[in-house]
Amino acid sequence: MARSPFHLPPAALAGLCCLAIAAPRLSAAELDEVLSRGELVWAADQEGGGPHVFPAPDDPRRLTGFEVEFATLLAEELGVKPRFQQGQWDRLPLLLGRAADCVINGIELTPERQRDYRCSRPYFAYSLQLVGRRDALPDAVEKLSAAGPGGRWRVGVLTGSAAEMFLRSRHGMEVDVVGYDGTIDSLEQVSSGVLDAALLDDCIFAFYADRFGRLRAVGRPFAGGFYTVLSARDTPRLSAAIDECIGRMIADGRLKSLYDRWDLAGRQQMLQIRDATEVPPATRRSFGELLREALPLLLRSAGMTVLLACLSFPLAVAVGLAVAVGRTYGPPVLRPLLAVSVEVLRGTPLMLQLYALFFLLPKIGLALPALLAAILGLALNYSAYESEIYRAGLKAVPAGQFEAALSLGLSKWQALRHVLVPQAVRIVMPPVTSDFIALFKDTSVCSAITVIELTKRYSVLALSTGRIVELALVTAVLYLCMSWPLAILSRWFERRLEQPTGPQATGEPAT
Amino acid sequence: MISVSSVSKSRAHVRVLEEVSLAGAEGTVTAIVGPSGSGKSTLLRCLNGLETFESGGIDIAGHRLEAGPHAPLRLERLRRDVGMVFQQFNLFAHLSVLDNVCLAPRVVLGLPAAEAHARGRDLLDRVGLGGFATARPSTLSGGQQQRVAIARALAMRPRVILFDEPTSALDPAMTGEVQEVIVGLARGGQTMVVVTHDHAFAKQAASWVVELDAGRVARQGPAAEML
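Here the protein sequences come in this chain order: W and A. Going by my numbering, the first residue of the first sequence is number 141, and it counts up by one from there. Going by my numbering, the first residue of the second sequence is number 877, and it counts up by one from there.
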């Protein structure tokens, strides 16, 4: 029942750990292998958008962007052909040594990355730009230090980006950081009034500014750093060759004219990246230190997972049951309508439904808080599945039960309530329980609309700290700690339903 | 109490009931006999509106059923006064024996729990199952289940009870215990209509016998003369 291509269920996490521990480490392709293959495989996320890597507007099958051109130049300089590899932005480094030789996609140079990967010399300098609505607060970056008219500022960022780290590491700011999976999602949300502001790389806002007429740059670009080409730790010669190539492209002006073609201020870029200061690698912390930092965050996100599942599933079951009864016993005019709605909800991805609830509804003036949108989205999506299960359950109750109830003078609805539905509920208990566990894991899709639950939190932490395996183990244990009691609870519930109790059997002693 | 006049019904262009007329007086038992497929059960199911008919009319326990579809509210009122016992018992599988008996008095008549329970226990005692109140129906023998079904029908204190081949699904050993209960009710003056192919039982329980053949009344008369 996996409905999202992105979520990483607990079983997969556990599997990942086992693989990482048991499998012999595959060595990444070194320079000679890249040369003999005649191809440099570079990874990026075309969903990340412009001006980095994005589908060409006139031909969406072709990729364009300044990093596409940079990768092409780099490959040519190495004497090979470039080949693009798609990946999800915050997981791109995981592709190194498996599906890609390097990552070129606005990856900021950080001490952690210096420690865990080979980082090339900078090829681009970025700054952070705060973006708000015209004629609305905040009108200066400093305004974020005190609460706004509506309380704490809500500022959107790209999850795992330098902007997110900047906001989360700054203390004394009255800011709620909201993480998005796409670069321009946060701009959409500022435009529709859900967020107060967005913080992102200046070149991204410059690229999209025309599309968002209601938005403006707040203050000058600030902070910032460098983009680096990431390659695997065990490919020092490939990394050195990339450094040399970048050096030659800077020296002979090819990089400058590339940036000028993309309106990225080539001359200033050259001034900044020519003499970039070295970023020292971070030191590796002990597991205890890692846990002290990560566990509270993971626990809070685990709470979010439980909250999402436990609030949305009862709603899904209630709606599903109502739809099933309506389709089986309701007025004939209603039945085709219900059937169509079930097919629509079942036939479209949960991710799209969440997007519609969260990003499209504000456009018609109905801005739902992310948590509410997530709960509603999960409940609606699962209600379609539950309704089909309950429909089957209702059909599985022998016809004689309905006739016997009617023959006693019960109305159709009384017969449904007291005789048919209670029996159908018992019949479908096992598939409904298994759907609950499926929904429990599907909550991870909600990260697409900024609700950070356990899987997303793991993924962000693993990539920012580079401790993929240890954190996966911790996360898997947390999932197990949650799903185990749930399984016990549903088995208890199942047993309780097995007992012959009715609306009137209360404390009746056996005779 | 019961009057069926010229009831006809077809199913998929086949006549299943043809101008059937019969009458049953208050406090008497009418047995409907005949070969399989002669329309006995269909006729019985017309009496409480589980099936509709195309022409004719039925008066039962002070209610009138016309040809064509019946209004739900009218049926609900009629069924309070006309109980039914099925060949396959149809006990509610999710409820205890006592709750099977008490459900309709609670839900339909709105009796308080204590009163419904007292009525239910009393009826279970009457059919000899006082000790099975909290048992699940599926743990009972067929004969016991059918006796619970009779108690369930009695709980609404119907003026008429319809029996649709009440012992056909039972093996001979259990047939006796169910027939005994029905004969007991007959002696107590309960108005009943019993569809059966057990002529000895019909003779024992019924005062009037209607024999159907191919949807028509072949003959009818006092039980002593007919069987």
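All C-beta atoms, glycine included, are put in the ideal place defined by N, C-alpha and C.
Discussion item. Applying the 10 Å Cβ sphere with the 16-neighbour rule, what's the burial state of Gly986 of chain A?
Written reply: That one is exposed.
Fill in: CA nearest to the CA of Arg997 of chain A, picked from A:Glu952, A:Ser972 and A:Arg1095
That would be A:Ser972, whose Cα lies nearest to the Cα of Arg997 of chain A.
Practice prompt. Mark Asp415 of chain W as exposed unless 16 or more other C-beta atoms lie within 10 angstroms of its C-beta, in which case mark it buried.
Written response: Counting Cβ neighbours within 10 Å, Asp415 of chain W comes out exposed, since fewer than 16 surround it.
Worksheet item: Does the beta carbon of Leu550 of chain W sit closer than 7 Å to a beta carbon anywhere in chain A?
Response: True, the Cβ-Cβ gap to chain A drops below 7 Å.
Worksheet item: If you drop the 5 nearest sequence neighbours on each side, which residues of the same chain put their C-beta closer than 6 Å to that of Ser630 of chain W?
Response: So the qualifying residues of the chain are Thr573.
Item to complete: Step through the CB atoms of chain W and report whether any lies within less than 7 Å of the CB of Met960 of chain A.
Response: Closer than 7 Å to some Cβ of chain W, the Cβ of Met960 of chain A qualifies, so yes.
Worksheet item: Less than 7 Å separating the beta-carbons of Pro278 of chain W and Ala183 of chain W?
Response: With respect to Ala183 of chain W, Pro278 of chain W sits apart: the two C-beta atoms are not nearer than 7 Å.
Worksheet item: Going by the CB atoms, is the gap between Ala899 of chain A and Arg1035 of chain A shorter than 7 Å?
Response: Between Arg1035 of chain A and Ala899 of chain A, the C-beta spacing is not below 7 Å.
Practice prompt. Pick out the complete alpha helix (DSSP H) segments inside the stretch 593–624 of chain W, 4 residues or longer, and give them in chain order.
Written response: Runs of the alpha helix (DSSP H) inside the stretch 593–624 of chain W: 594–605.
Practice prompt. Compile a chain-ordered list of the residues in the stretch 528–562 of chain W whose CB is closer than 8 Å to at least one CB of chain A.
Written response: Within the stretch 528–562 of chain W, the qualifying residues are Pro538, Gly540, Gln541, Glu543, Ala544, Ala545, Leu546, Ser547, Leu548, Gly549, Leu550, Ser551, Lys552, Gln554, His558, Val559 and Pro562.
Fill in: Interface flag, Arg955 of chain A vs chain W, CB-CB below 7 Å
Taking 7 Å as the CB threshold, Arg955 of chain A lines the interface with chain W.
Item to complete: Since I believe Gly910 of chain A is in contact with Leu1088 of chain A (beta carbons under 8 Å), could you give me their beta-carbon distance rounded to a whole number of angstroms?
Response: That belief holds up - the Cβ atoms of Leu1088 of chain A and Gly910 of chain A are roughly 4 Å apart, short of 8 Å.
Discussion item. So Arg566 of chain W contacts chain A; which residues on that side make the cut at Cβ distance below 9 Å?
Written reply: Here the neighbours are Ala969 and His970.
Worksheet item: Where does Pro197 of chain W land, buried or exposed, given buried means 16+ other C-beta within 10 angstroms?
Response: Exposed, by the Cβ-count rule.
Discussion item. Nearest by alpha-carbon distance to Ile324 of chain W: which of W:Glu314, W:Leu355, W:Phe306 and W:Arg308 is it?
Written reply: Answer by Cα proximity: W:Leu355.
Worksheet item: Which residues of chain W have a Cβ atom closer than 9 Å to the Cβ of Met1032 of chain A, listed in chain order?
Response: Taking a Cβ-Cβ threshold of 9 Å, the residues of chain W close to Met1032 of chain A are Leu548 and Gly549, in chain order.
Worksheet item: Would you say Val369 of chain W and Ser285 of chain W are within 7 Å of each other, going by their C-beta atoms?
Response: No; because the gap between Cβ atoms is not below 7 Å, this pair is not in contact.
Discussion item. Is His991 of chain A close to chain W? Criterion is C-beta to C-beta, closer than 7 Å.
Written reply: According to the sequence provided, residue 991 of chain A is Glu. The question's His does not apply to it. No, because no Cβ of chain W sits closer than 7 Å to the Cβ of Glu991 of chain A.
Practice prompt. Return the first residue and the last residue of the alpha helix (DSSP H) that Pro436 of chain W is part of.
Written response: Here the alpha helix (DSSP H) through Pro436 of chain W covers Phe427 to Tyr469.
Worksheet item: In the structure shown, what three-state DSSP assignment does His939 of chain A receive?
Response: His939 of chain A: strand per DSSP, three-state reduction.
Practice prompt. Taking all protein chains shown into account, decide if Ile161 of chain W is buried (16 or more other Cβ within 10 angstroms of its Cβ) or exposed.
Written response: The predicted position of Ile161 of chain W is uncertain, since its pLDDT is 48 and thus under 50; a value taken from the coordinates is nonetheless stated next. Its Cβ having fewer than 16 others within 10 Å, Ile161 of chain W is exposed.
Discussion item. Cβ closer than 8 Å: which chain W residues qualify as neighbours of Val983 of chain A?
Written reply: Ordered by position in chain W, the residues that pass the 8 Å Cβ test against Val983 of chain A are Leu550, Gln554, His558 and Pro643.
Worksheet item: If you draw a straight line from the alpha carbon of Ala539 of chain W to that of Ala545 of chain W, how long is it in whole angstroms?
Response: Their Cα atoms are separated by approximately 10 Å.
Fill in: Interface residues of chain W facing Pro948 of chain A [CB-CB closer than 8 Å]
The answer, in chain order, is Ser551 and Lys552.
Worksheet item: Among the residues of its own chain, which have a CB less than 7 Å from the CB of Leu556 of chain W, if the five just before and after it don't count?
Response: Excluding sequence neighbours, Leu556 of chain W sits near Val465 and Tyr469.
Item to complete: For chain W, find out if any of its Cβ atoms is closer than 7 Å to the Cβ of Val896 of chain A; answer yes or no.
Response: No, Val896 of chain A does not count as interfacial toward chain W.
Item to complete: Would you mind reading off the limits of the alpha helix (DSSP H) that contains Met1068 of chain A?
Response: No alpha helix (DSSP H) holds Met1068 of chain A; the beta strand (DSSP E) holding it covers Thr1067 to Val1071.
Worksheet item: Would you say Gln1022 of chain A faces chain W, with C-beta separation under 7 Å as the test?
Response: Not one chain W Cβ lies under 7 Å of Gln1022 of chain A.
Worksheet item: To the nearest angstrom, how far is it from the Cα of Gly549 of chain W to the Cα of Glu543 of chain W?
Response: Rounded to whole angstroms, Gly549 of chain W to Glu543 of chain W spans 10 Å at the Cα level.
Fill in: Limits of the alpha helix (DSSP H) - the one that Lys1079 of chain A falls within
In the DSSP assignment, Lys1079 of chain A falls within the alpha helix (DSSP H) that extends over His1075 to Ala1081.
Discussion item. Does chain W have any CB closer than 7 Å to the CB of Gln1066 of chain A?
Written reply: Gln1066 of chain A does not count as touching chain W.
Discussion item. Between which two residues does the beta strand (DSSP E) holding Tyr93 of chain W run?
Written reply: Past the edges of chain W, shown from 141 to 651, lies residue 93 of chain W, and the structure says nothing about it.
Discussion item. If the cut-off is 8 Å on Cβ atoms, which residues from the stretch 913–934 of chain A count as contacting chain W, listed in chain order?
Written reply: Listed by position, the residues of the stretch 913–934 of chain A near chain W (Cβ gap below 8 Å) are Asn924 and Leu926.
Fill in: Contact set for Arg165 of chain W: own chain, Cβ-Cβ below 7 Å, skip 5 residues either direction
Confidence is the limiting factor: at Arg165 of chain W the pLDDT is only 46, short of 50, which leaves the residue's position unreliable, though a coordinate-based value still follows. Nothing meets the Cβ criterion.
Worksheet item: From Leu579 of chain W to Gly319 of chain W, what distance separates their C-alpha atoms?
Response: Roughly 22 Å between the two C-alpha positions.
Worksheet item: Does Gln963 of chain A get closer than 7 Å to chain W when you measure Cβ to Cβ?
Response: No, Gln963 of chain A lies away from the interface with chain W (no Cβ there is under 7 Å from its Cβ).
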